[in-house]
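Heads up: the sequence shown begins at 27 in the numbering used here, then just goes up one per residue.
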Amino acid sequence: MRGSFVLLLLAAFTFTGGLVRGDDNAEDDEEVVQVETLLKPETCSVLSTMGDTLQIHYTGKLMDGKVIDSSLSREPLVVELGKRTVISGLEQSLIGVCEGQKIKATIPSHLAYGKKGYPPTIPGDAPLEFEVEVISLTQQTPWQKMVNDVLPLLCLVLVPTLLGLVGLYLYNKAKDPKPSKKKAKDKKSKKK
């Protein structure tokens, strides 16, 4: 019984460990996002970290210079770091920036749209280049940090525990012999 519970816990942690590591099948893990700072404000006291919310203006291009998308003609894009609302390469480039900073990020294809691309605009295996201006930076509150950091860990503990308890209940229920109706009738008739 105790061994089954330990196996359930081990399986849960192994499974989630695979999710955290990410895609081990990326063609070239050595290709990383290259970030060049185009403009940095004089005062840059707060740098973005996971969980922070940024408002950005961006222009995305193919490596030949063809513009694929731009936010300059509309409202700034709101990006909460860690929520995967943008391609992973762009999200990575936004960690460690400050309000008012302008960067140019060169993103390899496996951190953008990969082998399939995004037809007809982005061909497969296309690296991308983004010029980004950080309009505003809002740090996560302590409550948001707790929800983002503690809640997933709590779920990692609770889900296997609940599964173990359900398994224990089902095991005990299956193990207990069911009284037959005939024996129950015999007991009633003997008492009379």
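For glycine and all other residues, C-beta sits at the position ideal for the given N, C-alpha and C.
- Residue pairing for S162: DSSP places it in a beta bridge opposite Q81.
- Taking V112 as reference, the option from K141, D95, R100, G91 with the minimal CA-CA separation is D95.
- For G115, no pairing in a beta bridge is given by DSSP.
- Under the DSSP assignment, D175 falls in the alpha helix (DSSP H) whose first and last residues are 168–201.
- A direct Cα-Cα distance of roughly 7 Å separates L120 from S74.
- One thing to note: V158 has its Cβ within 8 Å of the Cβ of I129.
- When the Cα atoms are used, G91 and P145 turn out to be separated by approximately 17 Å.
- The beta carbon of N174 is closer than 8 Å to those of M76, G77, G108, Q166 in its chain, skipping five residues each way along the sequence.
- Taken through DSSP and simplified to helix, strand or coil, S135 comes out as helix.
- Beta-bridge partners assigned by DSSP to Q127: none are found.
- By the CB criterion at 8 Å, S99 and Y84 fall outside the cutoff.
- Taking the Cβ atoms as the reference, S114 lies roughly 5 Å from L137, within the contact range of under 8 Å.
- Judged by DSSP secondary structure, V93 falls within the beta strand (DSSP E) whose first and last residues are 93–96.
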